[in-house]
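**Q** My questions all concern the structure below.
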Amino acid sequence: MNIYIIIFITLTAALIASIAQVMYKKGLDKKITGMKDLLALAKKRNIIIGLVMYFISLVVYLFALKNAPLSFVYPLFASTFIFVFFISSYHLKEPFSKYRVLGIFLIFVGIVIVSISTV
């Protein structure tokens with residue numbers, strides 16, 4: 811399979827997983843102190859959407875993994891860190907510092923290096 815298609819598929823899985831993480835965060839409105847609180851989470855809309863999205867992400871990721879080496883796909887999936895950074899900054903209004911921006915840039919550089927070394 812074409813490596814660019816694998817990159818697209820893996821990035822799609824990473825984006826879906828990142829959105830799922832944001833949905834989980836939105837679904838948490840109080841501290842979890844016991845099993846009752848944990849079970850109550852299973853009924854929350856955002857948590858359910860997050861779980862469904864995570865499952866879809868898994869299916870897409872497994873397809874990419876079936877068609878490319880783990881040593882290529884897994885580092886590329888680290889783009890979730892980048893997606894979560896931007897999505898949480900925008901949708902959750904989470905603050906970011908220059909050190910986080912630097913860290914995200916370094917992750918991006920690492921992903922590019924791994925991708926170039928495989929192409």
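As numbered in the numbering used here, residues 811 to 929 make up the sequence shown, in order.
Don't be surprised by glycine CBs; every beta carbon is placed ideally from N, CA and C.
Just curious, the alpha helix (DSSP H) that I866 is in, first and last residue?
**A** From DSSP, the alpha helix (DSSP H) with I866 extends over R855 to N877.
**Q** Check whether the Cβ atoms of T820 and S889 lie closer than 9 angstroms to each other.
**A** Yes.
**Q** Which word fits S828, buried or exposed, when buried means at least 16 other C-beta atoms lie within 10 angstroms of its C-beta?
**A** S828 should be labelled buried.
**Q** Alpha carbons only, please: which of I917, Y884, I914 and F873 is nearest the one belonging to M811?
**A** The option with the nearest alpha carbon to M811 is F873.
**Q** Hey, G837 and L851: beta-carbon distance below 9 angstroms or not?
**A** Yes.
**Q** Could you give the residue range of the alpha helix (DSSP H) that holds A823?
**A** It spans I813 to G837 - the alpha helix (DSSP H) in which A823 sits, taken as one unbroken run.
**Q** With DSSP run on the structure shown, which of helix, strand or coil describes F893?
**A** The answer is helix: DSSP assigns F893 an H, G or I state.
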